Structures are given as C-alpha cells and as structure tokens.
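Asks: One structure, pasted below without further comment.
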Amino acid sequence: MGRGKFKGKPTGRRQFSTPDEMIAGTSSRPRSFKQEEAEHVESEEESEEESGEESGAETEKRKGTESVIQIENPNLVKAKNLKAKDADASKTTELSRREREEIEKQKAHERYMRLQEQGKTEQAKKDLERLALIRQQRAEAAKKREEEKAAKEQKKAEARK
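Per the UniProt record's numbering, residue 1 is the first one in the sequence shown, and the count goes up by one each step.
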C-alpha cells in the first residue's frame, strides 16, 4: 500500500493519514520525531545564548575554505547603499583595472594623434616626405605640360605665317 504524491501511473487518489491512524501511531512518521525536534531546537537556543555576542556579527555559515582562509576579494564584499544626502561629491571613486586601462589607452591615442598632427612621429615624418615628393613630381609634370603647350602654340603660330 504505497502512500505519497508520485506514482508510476494514475492509480487513484492520494491517501492521507486519518486522525485515528495518527492516534494509533500507524502513520508513516514516527511518534518520537516531534520530541527529537523539540530537543534539537532547545539545544540550539542554549548554544546561541552562550555565544550570544560572539556570533552576533557572523550569523551566516561560511562555505568551503572561507572559514579557514582569510581573503580580501572586493567582488565578495557587498557594496553598501548610500543615500544621496550621505554621498560625498568631492570623494572620487576608485576605478577598476579595466576602466583605468581604457582611460590610459584613450589618453595615449590622443597624445599620439597630437604628435602626428605636429609631424613629430616617425609615421608623420614619412608621410611628409612622401607628400613633398608627390608635390615635386606634380610641379615637374605641370611645368612639362606648360612647355609642351607653349611649343604647340609656337608651332601653330609658325604654321599660320
């Protein structure tokens, strides 16, 4: 005669202990269960009274090696919620490593771009040399075109005469 909630197939309704069974002591739970539980609760209360002030700060049970090893991990510390009136505007918050590195990276990039504009970096010097060479080639090409154009006009003028 199986009692309980879960059965292999739908075999009918659940069966509960009747008051007669409970009085007779034929229910599934032993009669001494409540007595053992009451003794356990009383012993806990006595131990709490004895160590009252000591365990006031540490009420939660520590897991794993936390009770053995003292660690200082800022991620484990729960941040305290500050109200707006308590917040100190002059106090600067400490940035995380990633945020600091990101800011340093941005500053370095800005510094490099400033030097690039002034022409002080190696890349800027190479660019300026290339630009000067291109300007010189263009000037020579323009001068050559002008000479060819002048020679062409001179031929036309001689052909008309």
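Here a beta-carbon is modelled for each residue, glycine too, at the ideal position from N, C-alpha and C. As the structure is a prediction and not an experimental result, all values here were calculated from the model.
(1) CB-CB under 6 angstroms to ARG98, same chain, minus the five flanking residues each way: which ones, in chain order?
(2) Could you check what DSSP says for SER43 in three-state terms: helix, strand or coil?
(3) Please report the distance separating the alpha-carbon of ASP88 from that of ARG135.
(4) Out of curiosity, what's the CA-to-CA distance linking GLU21 and ALA38?
(5) By DSSP, does ASP20 sit in helix, in strand, or in coil?
(6) Look up LEU133 in the DSSP assignment and say whether it is helix, strand or coil.
(7) Report the three-state DSSP secondary structure of ALA57 (helix, strand or coil).
(8) Give the DSSP-derived three-state secondary structure of GLN15 in the structure shown.
Replies: Well, looking at it:
(1) Here residue 98 is taken as the residue at index 98 of the sequence shown, counted from 1. Beyond the five residues adjoining it in sequence on each side, ARG98 comes within less than 6 angstroms, by CB distance, of no other residue in the same chain.
(2) The residue labelled residue 43 in the question sits at position 43 within the sequence shown. Note: SER43 maps to helix in three-state DSSP.
(3) The residue labelled residue 88 in the question sits at position 88 within the sequence shown. The residue labelled residue 135 in the question sits at position 135 within the sequence shown. Rounded to the nearest angstrom, the two C-alpha atoms are 59 angstroms apart.
(4) Translated into positions along the sequence shown, residue 21 becomes position 21. Translated into positions along the sequence shown, residue 38 becomes position 38. So the two alpha carbons sit approximately 23 angstroms from each other.
(5) Translated into positions along the sequence shown, residue 20 becomes position 20. Residue state, collapsed to three classes: helix.
(6) The count along the sequence shown starts at 1 and reaches residue 133 at position 133. Reduced to three states, the DSSP call for LEU133 is helix.
(7) In the sequence shown, the residue the question calls residue 57 occupies position 57. Unreliable positioning characterises ALA57 in this predicted model, as indicated by a pLDDT of 48, which lies under 50. The coordinate reading is nonetheless provided below. DSSP, reduced to helix, strand and coil, places ALA57 outside both helices and strands of the structure shown, so it counts as coil.
(8) Residue numbering aside, residue 15 sits at position 15 when the sequence shown is read from its first letter. Looking at GLN15 - three-state DSSP - the assignment turns out to be coil, as it is neither helix nor strand.
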